[in-house]
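Colleague: Residue numbers (this note's numbering): 4 to 238. Every residue gets a Cβ at the ideal spot worked out from N, C-alpha and C, and that includes glycine. Note that the structure is a prediction, hence the values are computed from the model and not measured.
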Amino acid sequence: MTQTEPFSIHALELGPMENFIYLVHDHATNRAAIVDPAWEVSKVLALAEQQGVRITDILLTHSHHDHINGIGEVLAASDAQLHLNRDEARFWGNYLDLPTLHHGGDIIKLGETEIRVLHTPGHTPGSACYHVGNNLITGDTLFVFGCGRCDLSGGDPEQMYSTLKDMGEQLPAGTVIHPGHNYAEKATSTLEEQVDGNPFMHFDSPERFVRYRMHYHDGHRDSPYHPVRKGEEMP
Ligand SMILES: [Fe+2]
4 MTQTEPFSIH
14 ALELGPMENF
24 IYLVHDHATN
34 RAAIVDPAWE
44 VSKVLALAEQ
54 QGVRITDILL
64 THSHHDHING
74 IGEVLAASDA
84 QLHLNRDEAR
94 FWGNYLDLPT
104 LHHGGDIIKL
114 GETEIRVLHT
124 PGHTPGSACY
134 HVGNNLITGD
144 TLFVFGCGRC
154 DLSGGDPEQM
164 YSTLKDMGEQ
174 LPAGTVIHPG
184 HNYAEKATST
194 LEEQVDGNPF
204 MHFDSPERFV
214 RYRMHYHDGH
224 RDSPYHPVRK
234 GEEMP
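1. Which residue or residues does DSSP assign as beta-bridge partners of I24?
2. Which one or two residues does DSSP pair with I58 in a beta bridge?
3. Contact check, M217 vs C153 under 8 Å by CB: the rounded distance?
4. From G171 to V56, what does the alpha carbon distance come to, in whole angstroms?
5. For the beta strand (DSSP E) containing L117, name the first residue and the last one.
6. Can you tell me the Cα-Cα spacing of G200 and I12, whole angstroms?
7. Relative to ligand 1, is the shortest distance from any of its heavy atoms to the C-beta of L169 smaller than 7 Å?
8. Could you have a look at P273 and say whether DSSP puts it in helix, strand or coil?
9. Would you call the CB atoms of G149 and F212 closer than 8 Å?
10. Residues in its own chain within less than 8 Å of I71 by CB, not counting five upstream and five downstream?
11. Under 7 Å: does the beta carbon of H65 sit that close to some heavy atom of ligand 2?
12. Starting from P128, follow the beta strand (DSSP E) in both directions and report where the run begins and ends.
13. Under DSSP, the beta strand (DSSP E) around V198 begins and ends at which residues?
14. Could you tell me whether the Cβ atoms of A187 and V147 are closer together than 8 Å?
15. For my contact list, L85 and G107 are in at a C-beta cut-off of 8 Å; report their separation, rounded to the angstrom.
16. Give the straight-line distance between the Cα atoms of S45 and F23, rounded to the nearest whole angstrom.
17. Could you tell me whether any non-hydrogen atom of ligand 1 is closer than 7 Å to the CB of H30?
Below, the structure written as structure tokens:
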């Protein structure tokens, strides 16, 4: 939780797949956005009540079941507006009525807090990350010392390579990463630490990245993920 910013980010780990559900709270208006509502939504709603915030927005990082299975429950308790990337809406094909569809670069205003949408394809075609202050909510694009799989429907390891490379080159080193799953020994990290110790951020060409992601990684590494030294990803 960040105290000096005009917003705070609360994380709840919920469900059998160690999902992180985030509540972004705009202090000026006491509006809140839930990122990836899933699993025991009652706990998120209880947290919102305890914080005295009104849930006005739902942000999706992508449309996989373990990130969205609580949308209905949130909408039953609020009039929240649903936000997702346009390509993800097409891929999903089952989104709810009247979502707000975004392109990369869009700004979502949550009261006085600005949330920038990054289009980060690779895990799914319309995966999105949300940039708030110096925080990045990364869904299944980037985990602490890991990244989302690319072998499911809509996955594309070459896109993931470009997404992670752009992220490492374009965002400030001190950016705090908030992933979609608790797959490491700590819940958050910095981009600098990831560029250094996340094996998926070590590759300089798509070919080796694709081989590592698609054929090597899962047979050689398990969560909780630990840092890997550059050059030691794969023989
Ligand atoms: Fe996913």
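Modeller: From the atom records:
1. L15
2. A35
3. Correct: roughly 7 Å between the Cβ atoms.
4. 33 Å
5. Position check: residue 117 holds Glu in this sequence, whereas Leu was assumed. It spans T116 to H122 - the beta strand (DSSP E) in which E117 sits, taken as one unbroken run.
6. 24 Å
7. Residue identity differs from the one stated: residue 169 is Asp in this sequence, not Leu. D169: no, Cβ never under 7 Å from ligand 1.
8. Outside the displayed span of the chain (4 to 238) sits residue 273, for which this structure offers no information.
9. no
10. Residues of the same chain with a CB within less than 8 Å of the CB of I71, apart from the 5 flanking positions on each side, are D39, P40, A41 and L63 in chain order.
11. Inclusion of ligand 2 in the displayed structure is not the case, the ligand content consisting of ligand 1 alone.
12. No beta strand (DSSP E) holds P128; DSSP gives it neither H nor E.
13. Annotation for V198: no beta strand (DSSP E) segment contains it, though the alpha helix (DSSP H) segment containing it runs L194 to G200.
14. Cβ atoms of A187 and V147: closer than 8 Å.
15. No, L85 and G107 are not in contact; Cβ-Cβ is about 18 Å, not under 8 Å.
16. 14 Å
17. Flag unset: Cβ of H30 not near ligand 1.
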